[in-house]
Structure formats: C-alpha cells, structure tokens
Amino acid sequence: MGPAAADAGRLMTGDGLVSAYADDAERDAEASVRPKRLDEFIAQHRVRDQLDLLLQGAMRRGSPPDHILLSGPPGLGKTTLANIVAAELGAGIRVTSGPAIERSGDLAAILTSLAEGDVLFIDEIHRIAKPAEELLYSAMEDFRVDVVVGKGPGATAIPLDVEPFTLVGATTRSGLLTGPMRDRFGFVAHLDFYSPADLEALLHRSARILGVPITDEGATEIAGRSRGTPRIANRLLRRVRDYAEVRAEGVVTLETARAALTVYDVDALGLDRLDRAVLTALVDSFRGGPVGLSTLAVAVGEQPDTVEEVCEPFLVRAGLLARTPRGRVATEAAWRHLGRTPPNGTFGADASPVPDLFSAAPDQP
1 MGPAAADAGR LMTGDGLVSA YADDAERDAE ASVRPKRLDE FIAQHRVRDQ
51 LDLLLQGAMR RGSPPDHILL SGPPGLGKTT LANIVAAELG AGIRVTSGPA
101 IERSGDLAAI LTSLAEGDVL FIDEIHRIAK PAEELLYSAM EDFRVDVVVG
151 KGPGATAIPL DVEPFTLVGA TTRSGLLTGP MRDRFGFVAH LDFYSPADLE
201 ALLHRSARIL GVPITDEGAT EIAGRSRGTP RIANRLLRRV RDYAEVRAEG
251 VVTLETARAA LTVYDVDALG LDRLDRAVLT ALVDSFRGGP VGLSTLAVAV
301 GEQPDTVEEV CEPFLVRAGL LARTPRGRVA TEAAWRHLGR TPPNGTFGAD
351 ASPVPDLFSA APDQP
C-alpha cells in the first residue's frame with residue numbers, strides 16, 4: 001500500500017488530519033476555495049510568473065504552449081495549477097492519472113478524443129505504464145500515435161493524428177521519471193513549501209470564501225500547524241470552523257484555533273497522533289535509537305511504508321528525526337518537544353538550532 005492509499009484510510013477514520021494527501025471527498029471540499037486564475041494563486045511567485053510568460057506567449061502566437069511538468073510534495077497546488085493553465089488558455093481539460101493508464105490503448109483513446117488546444121493533465125505521471133509512456137512520446141512531439149491492431153506477425157500499426165494539445169504532468173517523485181519523458185517537457189517547475197506569511201494570506205482568502213470570520217491571530221495559529229502545505233491549512237481551517245460554530249461564537253480566534261486543534265490532536269508543530277507515537281517510541285522504547293524501520297513500525301502498530309513515506313518526511317524536515325546508516329534516531333529537538341531531557345551524546349545535540357524550514361527563501365530572479 002502506497003503513501004496516498006495509507007493516508008486516505010487515515011482521513012476516512014478521522015486520523016491523518018495533517019496528511020498532505022487527499023481522497024476524493026477531500027478534493028471535492030477543496031474545490032470551493034481553489035484558485036481559478038493565476039492572479040488568485042498565492043505563493044510560488046517565481047513559478048507563477050514563469051507560467052504567465054509561457055501562457056501569454058503561446059496565446060499571442062496562437063499555438064499551444066510547451067508541455068508542462070510540475071513536481072513537488074503533495075498538497076502544494078499542482079492540480080490547481082493544471083486547472084489554471086486550462087482556464088487561462090480558455091481550453092478544455094481532461095484529467096487522469098498514471099496508475100489509471102494501464103495499457104497504451106487506454107492512453108490512445110484519451111489522446112484521440114482531445115479537441116485542438118485542450119489540456120491533458122496526468123497526475124502521478126511517474127507511475128504511467130511503460131507501453132503507454134512510449135506511446136506518449138510521439139504524441140507529445142509529433143501529435144501522432146501509432147495504434148497496433150492485431151497480434152503476432154499479422155499485427156499492423158495504424159497511425160492516428162492527435163489534435164495539438166498541452167500535456168501537464170504532475171509528480172511527487174520526479175526522480176522516478178525516465179530521461180526521455182522528462183526531456184519532452186518544455187517547462188519544468190518545482191513547487192516549494194509555503195511560508196507562514198503565504199499560508200496566512202491563503203487562510204484569509206479561504207475564510208472569506210467560506211464565510212468564516214477569522215482574526216489575524218487565528219490565521220497565524222493555523223498556519224503554524226500546517227506544515228507549510230496549503231491543503232493542510234485549508235483542512236485545519238474547516239475543522240476549526242466546525243469547533244467555532246459549535247462551541248464558540250463562530251469566529252476563528254487564537255483561542256478558538258488552539259482549543260479546536262487540541263481536540264483534533266494536532267500539536268503546535270503540526271504533529272498528529274502517529275507522528276508523536278513514532279517519536280515517543282524512539283525516545284521511550286529505544287532510548288532515542290538507532291532503531292530499524294521495521295522494528296519502529298511494529299512498535300507503533302503501523303506498516304513500515306506508512307512510517308517511512310507518511311510520517312518520516314515531515315519529521316526529518318522538522319529536525320526531529322534523523323536517518324542514519326544504523327537506523328532511525330531521535331534528535332535533541334525531538335526529546336525536548338516531548339518534554340524529555342535528552343541524554344549526553346544525543347544525535348543533533350551539538351548542531352545549530354534547526355531553522356524554520358517553512359519560511360521559504362525569497363524567490364530569485
């Protein structure tokens with residue numbers, strides 16, 4: 001079971017509130033606050049400006065823009081940007097995903113149904129089947145596909161024209177893309193985590209759309225627990241809204257946000273129950289480590305891939321856990337976050353304080 005599937009299960013049970021993945025119900029909830037145009041898209045300023053130039057240039061020439069590849073962690077806006085590309089071009093959009101394209105014929109059917117200028121969005125494009133990927137090469141370069149009819153010596157390749165289109169591919173694992181696939185994208189962009197200021201601006205925008213009164217302090221509190229991820233920020237806002245409407249005066253204030261997120265078991269760093277269980281097991285059961293992944297997973301009652309792919313990325317970025325050749329190790333920051341006194345020689349004890357990893361560096365020209 002992959003990380004997306006694991007987190008979808010946690011979302012359905014009410015756990016995983018700070019997961020960056022989303023199930024279908026989550027995506028439906030996101031739709032109402034999703035930006036529709038580039039000038040509404042908050043953060044990713046450099047990518048937004050580059051995309052604007054790409055799209056404006058293509059529209060002036062009257063031709064489809066180069067194919068676009070968007071990479072980065074889940075929840076940062078890749079799907080939103082794909083829809084924005086179509087909206088800015090005034091084009092239709094066809095949405096699919098890599099795992100859904102199992103045979104080259106599946107992809108050929110999609111490609112030959114596209115109208116001129118349409119946008120084809122393939123999420124998780126790194127997971128597309130090899131035969132389908134090879135079919136995509138000629139479609140991207142020559143707007144043509146060869147469909148094989150029959151089997152064995154009597155098989156015949158029938159060339160079919162494809163209307164000029166723009167492919168937008170999204171991936172959380174750009175390293176898994178083949179070189180030939182990556183090279184066929186004329187525009188490649190990586191999305192970064194949001195800064196606290198950008199998350200606060202996003203929360204104010206979402207609150208206006210949802211009709212939720214929110215104070216600056218309330219937005220700051222939610223932003224600080226959102227792991228630099230807009231999807232998580234919007235999800236937490238909806239849960240705090242529920243609390244405010246049921247147990248408070250309907251306004252998202254600092255006190256309301258803190259009380260609500262305490263109920264939902266999201267702490268000041270944005271850690272949930274499973275994140276803290278991993279750190280607690282490391283510190284209390286294994287004296288801070290090192291400990292192997294499988295042993296750690298058994299200790300918290302989860303599958304190893306869930307611990308490795310769902311929990312660990314954020315714990316490592318936050319400076320709470322380190323992966324070493326001998327196993328997982330709790331850092332000094334992890335001990336202190338749990339209210340424990342780290343022993344001498346704790347991993348990271350002599351290191352500089354961990355910087356705020358979600359305070360994004362200024363965009364470079």
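Heads up, the sequence shown is in the UniProt record's numbering, so the first residue is 1 and it goes up one at a time.
By construction, the Cβ of each residue, glycine as well, lies at the ideal position given by its N, Cα and C atoms.
With DSSP as the reference, please indicate the residues paired to residue i in a beta bridge.
i      : result
Arg144 : Asp161
Ala170 : Leu70
Phe121 : Val95, Val168
His190 : Ser71
Val291 : Arg328
Val316 : None, per the DSSP bridge assignment.
Ile214 : Val252
Thr262 : The partner list for Thr262 (beta bridge, DSSP) is empty, contrary to what the question assumes.
Thr220 : Per DSSP, none; premise fails for Thr220.
Assign residue i to one of two classes, buried (16 or more other C-beta atoms within 10 Å of its C-beta) or exposed (fewer than that).
i      : result
Val266 : buried
Ala361 : Since pLDDT at Ala361 reaches only 47, below the 50 mark, its modelled position is unreliable, and no value is offered.
Ala170 : buried
Ala351 : Because the pLDDT at Ala351 is just 40, under 50, the model does not fix this residue reliably, and the value given afterwards should be weighed accordingly. Result: exposed.
Pro342 : buried
Gly211 : exposed
Lys78  : buried
Glu40  : exposed
Ala65  : In the sequence as displayed, the identity of residue 65 is Pro instead of Ala. Its Cβ being crowded by 16 or more others within 10 Å, Pro65 is buried.
Thr324 : exposed
Glu302 : buried
Leu176 : exposed
Thr229 : buried
Val246 : exposed
Leu236 : buried
Ala257 : buried
Tell me which residue opens and which closes the beta strand (DSSP E) that residue i is part of.
i      : result
Ser226 : From DSSP, Ser226 is part of no beta strand (DSSP E); its letter is neither H nor E.
Ile101 : Element bounds for Ile101: n/a, residue is neither H nor E.
Ala57  : For clarity, residue 57 is Gly in the given sequence; the question names Ala instead. Not the beta strand (DSSP E): Gly57 falls in the alpha helix (DSSP H), residues 45 to 61.
Leu321 : 321 to 324
Quick check on the DSSP output: the alpha helix (DSSP H) that includes residue i runs from which residue to which?
i      : result
Thr80  : 78 to 89
Asp183 : 179 to 183
Asp275 : 273 to 280
Does the Cβ-Cβ distance between residue i and residue j come in under 7 angstroms?
i      : j      : result
Pro213 : Val240 : no
Ile84  : Ala201 : no
Leu17  : Tyr194 : no
Ala297 : Val307 : yes
Ala330 : Leu254 : no
Glu88  : Leu55  : yes
Leu135 : Leu107 : yes
Under 7 angstroms, Cβ to Cβ, is there at least one residue of chain D near residue i?
i      : result
Glu163 : Protein chains in the displayed structure number just one, and chain D is not present.
Validate contact between the stretch 61 to 73 and the stretch 179 to 198 using beta carbons, cut 8 angstroms, 3 pairs: The stretch 61 to 73, when compared against the stretch 179 to 198, does touch it at the 8 angstroms Cβ threshold.
Would you check if there are 3 or more beta carbon pairs closer than 8 angstroms linking the stretch 98 to 111 to the stretch 213 to 222? Taking 8 angstroms as the limit for Cβ pairs, the verdict is that the stretch 213 to 222 does not touch the stretch 98 to 111.
Is there contact here, the stretch 268 to 286 with the stretch 241 to 250, by at least three beta-carbon pairs under 8 angstroms? With a cut-off of 8 angstroms, the stretch 241 to 250 and the stretch 268 to 286 do not count as touching, because too few Cβ pairs lie within range.
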